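**Q**
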Amino acid sequence: MSFFKRLKEKLVGSNEEQKVEQPELGEQPVAELPQPEVSEETVAPVQEMEQEAVEAIEAIVPKEELEEVVPQSDELAEEIVEEQGEEEPTKPSAWSITQKFKAGLEKTRNSFTSKVNDLVARYRKVDEDFFEELEELLLQADVGFETVMDLMDKLRYEVQRQNIKDTNGIQAIISEKLVEIYESGEDNLTDLNMQQDGDLTVILFVGVNGVGKTTTIGKLAHRLKSEGKSVMLAAGDTFRAGAIDQLQVWGERVGVEVIAQSEGSDPAAVMYDAVRAAKNRGVDVLICDTAGRLQNKVNLMNELEKVHRVISREIPNAPHEVLLALDATTGQNALVQAQMFKEATNVTGIVLTKLDGTAKGGIVLAIRNKLHIPVKFVGLGEKMDDLQPFDAERYVYGLFAEGLEKELNEIED
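The opening residue of the sequence shown carries number 708 in our numbering; numbering runs sequentially from there.
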């Protein structure tokens, strides 16, 4: 399957998935119903009748007593929702997920891709000067030196192989090569190592303070619960003031139990209690928080090794995932953190937070290419469902949206 065909199927979903016609790439889905015309002549009599009715009731029953008997509209709405029960969450469409990546990478696209567009417009032919300027732009986007050099070699080879003379369609070739570099022939990079039904899956979260680790744990718990799994949280960050309370707030918000001890307790003891509680309650997934600020790398390694040892003693081969939370807005500093934690523990995946808040979203490629650790989830906003499994093709589309849409439409025409 060609890159363009595969890309379009990924963006809007396969034919079997599309129950309704999806909008063309580049168009925003709009569904506005015509509003009925309401004149002042029709509204005024109704308002007068409502006011008369209110005055008549207040003349019989004091306002204070009336408020106790008749709930306010917001309270009434909440009671109705409780009686009817929560609506079952609907699975997001391929198009809506694609739009999240496009919106989440807006800052990077505005900074990086606009410069790429200017570069393509200025150069009518693909020559060495073009490659040198493109190389500089990629480095500015924090794609990483090794990744950029690898990409340049692949681009030069592809341009020579296809005997490409001008810059028409060059963005599609850049996009395809970026996806190839990220995936490197591996499949299911974002899949969590979930255990079979009936067995407990333990996910250990690591990362420094301030990267959004606790918030990400809450969002992942929400995601897993919406998939029908029972989830429990373990408050293993016992050193940071307020960390336990913050996780408990998320537990209440998502509707999952949190196992915690007092501030300053031994994190390994918390993990022991949490694993035993999860096994006794038949929970599907246990997500464990850990301390993010320890005095030095030796302390970090010792603490994580102790936690790992306690968990694996209770459940062989656990934890099944060690996810490192990194703040995308810190750029190359996130790469340094990833290297440190990779040395301290067996990191199986990256969760890149705040990708929507940076103009240097190329750090995704640098982490993958240099450390060979897959990015499993990315944070694309503040909403509960803005934590999305990373998708290399949607990510590249988010970087080059306008240019790719133009090239896709030209091919179809």
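Beta carbons: idealized from backbone N, C-alpha and C, even for Gly. Note that the structure is a prediction, hence the values are computed from the model and not measured.
1) I need the DSSP call for Val1103, collapsed to helix, strand or coil.
2) To the nearest angstrom, how far is the alpha carbon of Lys872 from that of Glu865?
3) Starting from Lys1083, trace the beta strand (DSSP E) in both directions and tell me its first and last residue.
4) Might you give, ordered along the chain, the residues of its own chain that have their beta carbon closer than 7 Å to the beta carbon of Val1103, omitting 5 neighbours on each side?
5) If we require 4 or more residues per run, which alpha helix (DSSP H) segments fall completely within the segment 925-973?
6) Apart from the five residues just before and just after Ile888, which ones in its own chain have a Cβ nearer than 7 Å to its Cβ?
7) Could you give the DSSP three-state label for Leu812: helix, strand or coil?
8) Restricting to runs no shorter than 4 residues, where is the alpha helix (DSSP H) found entirely within the segment 1021-1053?
9) If you draw a straight line from the alpha carbon of Ala848 to that of Ile1074, how long is it in whole angstroms?
10) Any chance the segment 809-825 sits against the segment 1002-1012, with 3 or more Cβ pairs inside 8 Å?
11) Comparing C-alpha positions only, which one of Leu826, Ala950 and Arg1020 sits nearest to Asp980?
12) In whole angstroms, what is the alpha-carbon distance linking Leu896 and Pro1081?
13) Quick check: what's the CA-CA separation for Glu1028 versus Val1054?
14) Could you give the residue range of the beta strand (DSSP E) that holds Val1058?
15) Go through its chain and collect everything with a Cβ distance to Gly1056's Cβ below 6 Å, but skip five positions before and after it.
16) Classify His1015 as buried or exposed, calling it buried when 16 or more other Cβ atoms lie within 10 Å of its own Cβ.
17) Measure the CB-CB distance between Lys1061 and Asp1098 and report whether it falls below 7 Å.
18) So, are the CB atoms of Thr1036 and Gly1064 less than 7 Å apart?
19) I'd like the list of long-range same chain contacts for Gln903, defined as Cβ closer than 7 Å, with 5 residues on each side in sequence excluded.
20) Are Val918 and Phe1048 close, meaning C-beta to C-beta below 7 Å?
21) Return helix, strand or coil for Gln902, following the three-state DSSP convention.
22) Suppose you measure from the CA of Ala801 to the CA of Ala1108; what does that come to, to the nearest Å?
23) Just how far apart, CA to CA, sit Asn870 and Asp898?
24) Just to confirm my understanding: we take Arg983, look at its own chain, exclude 5 residues before and 5 after, and list those with CB closer than 8 Å. What are they?
25) Whose CA, out of Gly958, Ile877 and His1079, lies closest to the CA of Lys832?
26) In terms of residues, what are the limits of the alpha helix (DSSP H) holding Gln867?
27) Leaving out five residues on either side along the sequence, give the residues of the same chain with a beta carbon under 8 Å from the beta carbon of Phe1128.
28) Within the 7 Å Cβ cut-off, does Gly999 reach chain B?
29) Quick one: Cα of Lys1113 to Cα of Arg829, how far?
30) On a Cα-Cα basis, can you pick out the residue from Val963, Leu954 and Ala985 that is closest to Glu970?
31) Closest to Ile891 by CA distance: which of Glu843, Asn875, Lys861 and Asn900 is it?
32) Report the CB separation of Met978 from Gly943 in whole angstroms; it is logged as a contact under 8 Å.
33) Nearest to Ala932 by CA position, among Leu911, Ala976 and Gly958, is which residue?
34) Can you have a look at Arg1101 and say buried or exposed, based on whether 16 or more other CB atoms are within 10 angstroms of its CB?
35) With which residues is Lys832 paired in a DSSP beta bridge?
**A** On the basis of the data shown:
1) Start at 1 with the first residue of the sequence shown, and residue 1103 comes out as number 396. Val1103 falls in the helix class under three-state DSSP.
2) The count along the sequence shown starts at 1 and reaches residue 872 at position 165. The count along the sequence shown starts at 1 and reaches residue 865 at position 158. Computed Cα separation, rounded: 11 Å.
3) Sequence index remark: in the sequence shown, residue 1083 carries index 376 (1-based). Taken as a continuous stretch (DSSP letters only), the beta strand (DSSP E) holding Lys1083 covers Val1082 to Gly1086.
4) As a working mapping, residue 1103 is identified with position 396 in the sequence shown. Same-chain partners within the cutoff: Ser882, Leu885 and Val886.
5) 950-961
6) Residue mapping note: residue 888 aligns to position 181 of the sequence shown, counting from 1. These residues qualify, in order along the chain: Thr854, Asp857, Leu858, Leu1072 and Asn1076.
7) Here residue 812 refers to the residue found at position 105 when the sequence shown is read from its first residue. Coil at Leu812, not helix or strand.
8) Runs of the alpha helix (DSSP H) inside the segment 1021-1053: 1039-1051.
9) Walking along the sequence shown from the start, residue 848 turns up at place 141. Walking along the sequence shown from the start, residue 1074 turns up at place 367. So the two alpha carbons sit approximately 13 Å from each other.
10) no
11) As a working note, residue 980 is residue 273 in the sequence shown. Nearest C-alpha to Asp980: Arg1020.
12) By 1-based counting over the sequence shown, the position of residue 896 is 189. By 1-based counting over the sequence shown, the position of residue 1081 is 374. About 6 Å.
13) Here residue 1028 refers to the residue found at position 321 of the sequence shown. Here residue 1054 refers to the residue found at position 347 of the sequence shown. Their Cα atoms are separated by approximately 8 Å.
14) Taking the sequence shown and counting its residues from 1, one reaches residue 1058 at position 351. Segment Gly1056 to Thr1060, the beta strand (DSSP E) holding Val1058.
15) Here residue 1056 is taken as the residue at index 349 of the sequence shown, counted from 1. Contacts found: Leu1030, Pro1081 and Lys1083.
16) Working through the sequence shown from its first residue, we reach residue 1015 at position 308. Buried.
17) In the sequence shown, residue 1061 corresponds to position 354, counting from 1. In the sequence shown, residue 1098 corresponds to position 391, counting from 1. No. Outside cutoff.
18) As a working note, residue 1036 is residue 329 in the sequence shown. As a working note, residue 1064 is residue 357 in the sequence shown. Contact: yes.
19) The sequence position of residue 903 within the sequence shown is 196, counting from 1. Once the five neighbours on either side are set aside, Gln903 has no close Cβ partner at all.
20) Translated into the one-based positions of the sequence shown, residue 918 becomes position 211. Translated into the one-based positions of the sequence shown, residue 1048 becomes position 341. Their beta carbons are not under 7 Å apart, which means Val918 does not touch Phe1048 by this criterion.
21) Within the sequence shown, numbered from 1, the residue matching residue 902 stands at position 195. Three-state DSSP puts Gln902 in coil, outside helix and strand.
22) Along the sequence shown, one-based indexing puts residue 801 at 94. Along the sequence shown, one-based indexing puts residue 1108 at 401. So the two alpha carbons sit approximately 15 Å from each other.
23) Counting from 1 along the sequence shown, the entry for residue 870 is found at position 163. Counting from 1 along the sequence shown, the entry for residue 898 is found at position 191. Going by the C-alpha atoms only, they are around 38 Å apart.
24) Along the sequence shown, one-based indexing puts residue 983 at 276. These residues qualify, in order along the chain: Glu1021.
25) As a first step, residue 832 is located in the sequence shown; it is residue number 125 there, counting from the start. When each option's Cα is compared against that of Lys832, the closest is Ile877.
26) Looking up residue 867 in the sequence shown gives position 160. Element bounds for Gln867: Phe852 to Arg868.
27) Limits of the chain in this structure are 708 at one end and 1120 at the other, which puts residue 1128 out of reach.
28) Although the question refers to chain B, the structure presented lacks it and comprises just one protein chain.
29) For the purposes of this step, residue 1113 is identified with residue 406 of the sequence shown, where counting begins at 1. For the purposes of this step, residue 829 is identified with residue 122 of the sequence shown, where counting begins at 1. Using only the alpha carbons, I get a separation of about 18 Å.
30) Start at 1 with the first residue of the sequence shown, and residue 970 comes out as number 263. Of Val963, Leu954 and Ala985, the smallest CA-CA separation from Glu970 is found for Leu954.
31) The sequence position of residue 891 within the sequence shown is 184, counting from 1. The question names Ile, but residue 891 is Ser in the sequence shown. Nearest of Glu843, Asn875, Lys861 and Asn900 to Ser891, Cα basis: Lys861.
32) Mapped onto the sequence shown, residue 978 falls at position 271. Mapped onto the sequence shown, residue 943 falls at position 236. Indeed they touch by this definition, with Cβ atoms about 6 Å apart.
33) By 1-based counting over the sequence shown, the position of residue 932 is 225. The sequence given here has Lys at residue 932, not Ala. Ranking the options by Cα distance to Lys932, first place goes to Gly958.
34) Within the sequence shown, numbered from 1, the residue matching residue 1101 stands at position 394. When all chains shown are included, Arg1101 counts as buried.
35) Within the sequence shown, residue 832 is the residue found at index 125, counting from 1. Per DSSP, Asp873.
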